[in-house]
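Engineer: At position 246 of the sequence shown the residue is numbered 355 (my numbering), and the sequence of numbers has no breaks.
Sharing a structure below in structure tokens format, with a few things to ask.
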Amino acid sequence: MIEWLFGPPPGGVPSDPGTWLSAAELERLSRLRFEKRRSEWLLGRFTAKTLVAGALDRRGDRLPSLRSIEIVPEPSGAPFVRDVVSGTRLPVSVSISHSARRALFAVVFTGSPGPGRCAVGVDLELIEPRSDGFLRDFLTAPERAEIAALPERERLARANGIWSAKEAVLKSLKLGLTVDTGKVECLLTPAEVPDPGDLCPEGTPWRRFSVRCAPEILPAGGAEMRLLGFWREEAGYVLTLAVAVG
Ligand SMILES: CC(C)(COP(=O)(O)OP(=O)(O)OC[C@H]1O[C@@H](n2cnc3c(N)ncnc32)[C@H](O)[C@@H]1OP(=O)(O)O)[C@@H](O)C(=O)NCCC(=O)NCCS
């Protein structure tokens, strides 16, 4: 199961970061100059740490203090979780997204006896107008056709949803927007999608989306990889979650 949180957690982000960020995270915060970036980074970190701590607790591990786990970027920018005391990486895959004062975070345990090699990617988008130029430049012809086939009132959310799904998939592959978004195709009304097994988001049901990727953007041996996609709408936002398995 994939645990997820549409943040901020109840009660919001505590005003004193010193009470819940590690020393290294406080140093990183001090280097963030722009208020918008600082507040979204804090929101993402607090949402992430709250869920990771709760997930460890639910698995029967000790409940860590938020200062004792840190969310660290890899050189690609993709986040991972580190135990501050031992300096070791936790056996989880995580992903963060922020949009318009909300954050989305997901965590899945990757170690035995869990699902093995899998990586999660999430994206959050406020449902907002997208220009024809944007759709032409960043969506594939089948993706645009899916939007065009919908009643007018559903098109805006779907355009944001397809864009978000592509970002979630690219995050699950740790690529982000470093590759042409035409190399990933996501259809939110899929004809058929792989069985997720027990690898699906926990709790409230999500809808499925299909994913097709150009082979050249997959890691070595990626032909065997399964890409699973999930989406939902909530409070004027679209939430997407992708998992790369194998
Ligand atoms: C990663 C990217 C898709 C983020 O998209 P966005 O819509 O601007 O922002 P979102 O809020 O949805 O996601 C941001 C989060 O994505 C994560 N992220 C960044 N790079 C990532 C990657 N290669 N793979 C997976 N996740 C990544 C980070 O956790 C980041 O949040 P944080 O910086 O607060 O930790 C996009 O910024 C990108 O690819 N940029 C180009 C590559 C780049 O500049 N990488 C940074 C190198 S340090």
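For every residue, glycine included, the Cβ atom is placed at its ideal position computed from N, Cα and C.
Hey, would you say residue 112 sits closer than 8 angstroms to residue 157, going by beta carbons?
Structural biologist: Position 3 of the sequence shown, counted from the first residue, corresponds to residue 112. Position 48 of the sequence shown, counted from the first residue, corresponds to residue 157. No, they are not a contact pair.
Engineer: Quick one: grab the DSSP three-state call for residue 221.
Structural biologist: If you number the sequence shown from 1, residue 221 lands on position 112. Residue placement at residue 221 cannot be trusted, given a pLDDT of 47 that sits under 50; what the coordinates show is reported in the next sentence. Note: residue 221 maps to coil in three-state DSSP.
Engineer: Does any heavy atom of ligand 1 sit closer than 7 angstroms to the C-beta of residue 199?
Structural biologist: Sequence index remark: in the sequence shown, residue 199 carries index 90 (1-based). No - ligand 1 has no heavy atom lying nearer than 7 angstroms to the Cβ of residue 199.
Engineer: Work out the CA separation of residue 213 and residue 271 for me, nearest whole Å.
Structural biologist: Translated into the one-based positions of the sequence shown, residue 271 becomes position 162. Translated into the one-based positions of the sequence shown, residue 213 becomes position 104. Near 17 angstroms, if we compare the C-alpha coordinates of residue 213 and residue 271.
Engineer: Could you name the residues of the same chain whose beta carbon sits closer than 8 angstroms to that of residue 239, not counting the 5 residues immediately before and after it, in chain order?
Structural biologist: Taking the first residue of the sequence shown as position 1, residue 239 is located at position 130. Answer for residue 239: 265, 268, 269, 272, listed in chain order.
Engineer: Please specify which runs of the alpha helix (DSSP H), each continuous and at least 4 residues long, are wholly inside the region 229 to 272, giving them in chain order.
Structural biologist: If we require 4 residues or more, the alpha helix (DSSP H) runs fully inside the region 229 to 272 come out as 241 to 247, 250 to 257.
Engineer: Note down, in chain order, each residue of its chain lying with its Cβ closer than 7 angstroms to the Cβ of residue 287, except the 5 sequence neighbours on either side.
Structural biologist: Along the sequence shown, one-based indexing puts residue 287 at 178. Excluding sequence neighbours, residue 287 sits near nothing in its chain.
Engineer: Near residue 188, which residues of its chain fall below 8 angstroms by C-beta distance, leaving aside the five closest residues on each side in sequence?
Structural biologist: Indexing the sequence shown from 1 puts residue 188 at position 79. Here the set comprises 157, 180, 181, 182, 203, 204, 205.
Engineer: Determine the burial state of residue 159: buried for a count of at least 16 other Cβ atoms within 10 Å of its Cβ, exposed for fewer.
Structural biologist: For the purposes of this step, residue 159 is identified with residue 50 of the sequence shown, where counting begins at 1. Its Cβ being crowded by 16 or more others within 10 Å, residue 159 is buried.
Engineer: For residue 289, count neighbouring C-beta atoms within 10 Å of its own C-beta (all shown protein chains included) and say buried if the count is 16 or more, exposed if not.
Structural biologist: To locate residue 289, count along the sequence shown from 1; it is residue 180. Exposed, because fewer than 16 other Cβ atoms sit within 10 Å of the Cβ of residue 289.
Engineer: Report, in whole angstroms, the separation of the C-beta atoms of residue 133 and residue 227, which I expect to be a contact under 8 angstroms.
Structural biologist: Locating residue 133 in the sequence shown gives position 24, counting from the first residue. Locating residue 227 in the sequence shown gives position 118, counting from the first residue. Wrong, their Cβ atoms sit about 27 angstroms apart, outside the cutoff.
Engineer: Ligand 1 heavy atoms versus the CB of residue 342: any closer than 7 angstroms?
Structural biologist: Here residue 342 corresponds to residue number 233 of the sequence shown, with the count starting at 1. Residue 342 Cβ: outside cutoff for every heavy atom of ligand 1.
Engineer: Taking DSSP as the reference, what is the three-state secondary structure of residue 125?
Structural biologist: Reading the sequence shown from its first residue, position 16 is the one you call residue 125. Here residue 125 sits in coil by DSSP.
Engineer: Straight-line CA distance for residue 252 to residue 295?
Structural biologist: As a working mapping, residue 252 is identified with position 143 in the sequence shown. As a working mapping, residue 295 is identified with position 186 in the sequence shown. The alpha-carbon atoms of residue 252 and residue 295 are separated by roughly 7 angstroms.
Engineer: Does DSSP put residue 323 in a helix, a strand or coil?
Structural biologist: For the purposes of this step, residue 323 is taken as residue 214 along the sequence shown, with counting starting at 1. Residue 323 falls in the coil class under three-state DSSP.
Engineer: Once DSSP output is grouped into helix, strand and coil, what is the label at residue 174?
Structural biologist: Along the sequence shown, one-based indexing puts residue 174 at 65. Residue 174 falls in the coil class under three-state DSSP.
Engineer: Alpha carbon to alpha carbon, what distance is there between residue 153 and residue 348?
Structural biologist: Looking up residue 348 in the sequence shown gives position 239. Looking up residue 153 in the sequence shown gives position 44. Each residue's alpha carbon lies about 15 angstroms from the other.
Engineer: Just verifying my parser: in three-state terms, what is the DSSP assignment at residue 161?
Structural biologist: Here the question's residue 161 lines up with position 52 in the sequence shown. Three-state DSSP puts residue 161 in a helix.
Engineer: Regarding residue 138 and ligand 1, is the C-beta to nearest heavy atom distance less than 7 angstroms?
Structural biologist: If you number the sequence shown from 1, residue 138 lands on position 29. Not under cutoff, so the answer is no.
Engineer: So the beta strand (DSSP E) residue 134 belongs to, where does it begin and stop?
Structural biologist: In the sequence shown, residue 134 corresponds to position 25, counting from 1. Note, residue 134: premise wrong, no beta strand (DSSP E); alpha helix (DSSP H) at 132 to 139.
Engineer: Which of the three DSSP states, helix, strand or coil, is assigned to residue 290?
Structural biologist: Mapped onto the sequence shown, residue 290 falls at position 181. Helix at residue 290.
Engineer: Is residue 216 closer than 8 angstroms to residue 293 when the C-beta atoms are compared?
Structural biologist: Stepping through the sequence shown from its first residue, residue 293 is reached at position 184. Stepping through the sequence shown from its first residue, residue 216 is reached at position 107. The answer is no: Cβ separation not under 8 angstroms.
Engineer: Could you give the C-beta distance for residue 357 and residue 280, rounded to a whole number, given that I count them as a contact under 8 angstroms?
Structural biologist: Past the boundaries of the shown model lies residue 357; the chain is included only from 110 to 355, so the question cannot be answered.
Engineer: Return helix, strand or coil for residue 197, following the three-state DSSP convention.
Structural biologist: In the sequence shown, counting from the first residue as 1, residue 197 sits at position 88. Residue state, collapsed to three classes: coil.
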